[in-house]
Ligand SMILES: [Zn+2]
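In the numbering used here, the protein residues as written are 34 to 521.
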């Protein structure tokens, strides 16, 4: 063979290899595009609606849901020429499925139920979150898990004496409460919540469904974390249609199991559905001569670990600075309350008020001692309880009476929640001072601030941030509950 012929042969082989590589690359691009486009589509349903309370499935079966006793919840399901009934609380059923829709407020679910949605369920009741009204703490309380390192994934570590954690903690999924869940979204996907909220939510819901169907765990507990991101970045009117997809996906499971499934749907905290801006905490602290640092290595150093965009802030300082720090924070724009431990008591400061919370050792009776003004707006409640003969000789009130009397108040269950915050059963690294921000303000990391336009947040002691929901297909929940009492 001549040298020219060999050269031409080599060139042909080279161009054939280049073509193959190009073709392969083309296939990879097509594969990825199809995958990304398919990812996060609505969960496929076996049953399609054929009227307000009628459905047909892919096998041509017909189903009709009826409310025979007129309580608003479906109790009989006609299936072709047969029927099944909703199992009574005592009836043994195949499986239980409890799902936490992170951050979904009571008001939104109640409105959807009133519109005729979620009618396999009895009407929802309020779930009172922890303080702060935030998942790391509320989920720890809910699942009776070992304490989380901090109120958020980025926190102050007293042992190391510095701010620790961050996004790596989210990715590692190391919080103790996560071990108690049968389903939680992998940490890597949580990063996409704020970039593709609706797609992330649908993928989360679809993944939960797959895991539940593939598992044989009799009482399955799942956490849909993507709903909180929907609340943070979407307008209130955009949330309903997405939550209806949860209704449809659960109904599909319920029908497929012929009702042999007990469902509990709930959330761990609410959302204030109010667009908000940053509270000028750092500027205010610097003006007052504090030094905002990651370590408490100088006398006036204060640590302020920031992470999510939330309506609370946890601050850490040397013990001798606590009272002064609380005073400066209480007078800062956007701050409604600053709280700190005062021996066995919890002290509360607002811009014009100051009060002390006292409790007996097991937290069943409380005293509210306003020193100036009425920062927790509890004086009318105390008068009401006094008139009803519900105060004892010392003027203290029972926690159950306070819970009922403040459920619709500005700060639901405030005394119990602040007293519990003081004891810190859910968090290892308790803050020196906690701040509850007014609706319309948040505290959080600069990276997240640049990523999203915040339509709503939570974390504060106030009602809209506090009230989640719970409803079951078992029986009407009798009354509102604390988040720690829901899965007892
Ligand atoms: Zn959130």
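All residues carry an ideal CB built from backbone N, CA and C; glycine is no exception.
Close beta carbons around residue i, own chain, < 8 Å, minus the five adjacent residues each side
| i | result |
| --- | --- |
| residue 301 | 133, 135, 136, 160, 162, 168, 171, 172, 175, 501 and 516 |
| residue 381 | 370, 371, 372, 387, 388, 389, 390, 408, 409 and 451 |
Cα-Cα separation between residue i and residue j, rounded to whole angstroms
| i | j | result |
| --- | --- | --- |
| residue 72 | residue 218 | 14 Å |
| residue 314 | residue 345 | 11 Å |
| residue 466 | residue 237 | 36 Å |
| residue 194 | residue 329 | 7 Å |
| residue 226 | residue 258 | 9 Å |
| residue 370 | residue 447 | 12 Å |
| residue 504 | residue 510 | 7 Å |
| residue 223 | residue 203 | 8 Å |
| residue 322 | residue 351 | 14 Å |
| residue 205 | residue 216 | 15 Å |
| residue 441 | residue 482 | 31 Å |
| residue 104 | residue 149 | 12 Å |
| residue 74 | residue 312 | 37 Å |
| residue 498 | residue 51 | 59 Å |
| residue 288 | residue 84 | 16 Å |
| residue 547 | residue 212 | Given that the chain is displayed from residue 34 to residue 521, the structure contains no residue 547 and the question cannot be resolved. |
| residue 38 | residue 76 | 59 Å |
CB contact flag (residue i, residue j, <8 Å)
| i | j | result |
| --- | --- | --- |
| residue 333 | residue 348 | no |
| residue 59 | residue 106 | no |
| residue 296 | residue 130 | yes |
| residue 187 | residue 331 | no |
| residue 127 | residue 242 | no |
| residue 486 | residue 335 | no |
| residue 406 | residue 385 | yes |
| residue 230 | residue 262 | yes |
| residue 164 | residue 415 | no |
| residue 256 | residue 221 | no |
Residue span of the alpha helix (DSSP H) that contains residue i, given as start and end
| i | result |
| --- | --- |
| residue 285 | 269-289 |
| residue 172 | 168-175 |
| residue 410 | Counting along the chain, residue 410 falls outside any alpha helix (DSSP H), and DSSP gives it neither H nor E. |
| residue 245 | 230-247 |
| residue 147 | 139-147 |
Residue i: first and last residue of the uninterrupted beta strand (DSSP E) it sits in
| i | result |
| --- | --- |
| residue 505 | 500-505 |
| residue 350 | Here residue 350 belongs to no beta strand (DSSP E), and DSSP marks it neither H nor E. |
| residue 373 | 368-375 |
| residue 305 | Segment: none, residue 305 is in no beta strand (DSSP E) and carries neither H nor E. |
| residue 90 | 87-90 |
| residue 131 | 128-134 |
Beta-carbon contacts of residue i that lie in its chain and below 6 Å, excluding the five residues immediately before and after
| i | result |
| --- | --- |
| residue 400 | 391 and 429 |
| residue 306 | 269 and 489 |
| residue 304 | 136, 138, 264, 489 and 491 |
| residue 362 | 368, 371 and 468 |
Sequence-distant residues of the same chain with beta carbon closer than 7 Å to residue i, five excluded per side
| i | result |
| --- | --- |
| residue 116 | 109 and 110 |
| residue 378 | 389, 390 and 391 |
| residue 318 | 325, 335 and 361 |
| residue 285 | 78, 79 and 80 |
| residue 375 | 389 |
| residue 460 | 170, 180, 181, 183 and 184 |
Practice item. Using the beta-carbon of each residue, find all residues closer than 6 Å to any heavy atom of ligand 1 and list them in chain order. Key: The set of residues with any CB-heavy atom separation to ligand 1 below 6 Å comprises, in chain order, 136, 261, 265, 341 and 491.
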